[in-house]
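A.B. asks: Reading the sequence shown from the start, the letters are residues 69 to 231 in the numbering used here. C-beta atoms are modelled at their ideal positions from N, C-alpha and C, and glycine is treated no differently. Predicted model, so just to flag it, every value in this text is computed and none were measured.
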Amino acid sequence: MYRVGIITASDKGSKGERVDESGPKIKEIVSSFGYEVVYYKVLPDDKDMISSEMKQLCDENVVDLILTTGGTGFSKRDNTPEATLEIAEKLVPGISEAIRSYSMQFTPKAMLSRGVSVIRKETLIINMPGSPKAVKESMECIMPALNHGIDILKGSANECGRK
Ligand SMILES: Nc1ncnc2c1ncn2[C@@H]1O[C@H](COP(=O)(O)OP(=O)(O)OP(=O)(O)O)[C@@H](O)[C@H]1O
Ligand SMILES: Nc1nc2c(c(=O)[nH]1)N[C@H]1C(S)=C(S)[C@@H](COP(=O)(O)O)O[C@H]1N2
């Protein structure tokens, strides 16, 4: 059972101006796939706060997977991809490419999410857009491949079962 950390990046959410529905949506979905949510926080859209929180979760081996929601768009306070890249050791572009590509069937605005996916130490980090609808759609796409990716990252699998 892999351990998941959820970070909702939202100025409104962190000030209590809006109830976070997206973090709980992530929790509902990962739990249904057998993952254990061990960390959940709503943070303001502050690059340094987001990156230092993620860095600690990776470096202290608290979680195997960090899923973020929010802060991937074009507004001045959208900083989640930059916070993520700041602590990245390896890039995993395919996951974010897949999220955007899959999401285009729901809305052409999917191309406006700048979310990235990266690895730091033995933790995979994936950015998703902010709305609960976008979270649900993004996770539909990534969940089927996620477990295998984390298995390889943790060294508990080393081949893809291809013929
Ligand atoms: N965490 C969330 N929980 C519930 N709804 C959300 C959440 N994040 C976004 N939404 C929905 O998606 C819309 C667009 O979100 P957007 O990312 O532009 O955030 P915002 O409302 O401008 O502010 P903030 O970045 O402070 O959350 C919101 O108006 C809201 O309806
Ligand atoms: N699957 C999916 N992806 C989506 C959306 C959506 O509704 N569904 N919304 C888009 C919109 S409208 C924006 S502006 C960007 C960035 O969202 P964020 O700023 O909340 O991270 O994500 C995009 N990605």
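1) Could you name the residues, in chain order, whose CB is less than 6 Å away from a heavy atom belonging to ligand 2?
2) Do you know whose CA, among 169, 150 and 105, lies nearest residue 209's CA?
3) Suppose you measure from the CA of residue 176 to the CA of residue 95; what does that come to, to the nearest Å?
4) In the DSSP assignment, the beta strand (DSSP E) including residue 185 goes from what residue to what residue?
5) How many Å lie between residue 150 and residue 97 at the Cα?
6) For residue 186 versus residue 160, is the C-beta spacing smaller than 8 Å?
C.D. replies: On the basis of the data shown:
1) 138, 139, 140, 141, 146, 171, 174, 175, 177, 178, 180, 181, 197, 198, 199, 201, 202, 205 and 206
2) 169
3) 26 Å
4) 185 to 188
5) 26 Å
6) yes
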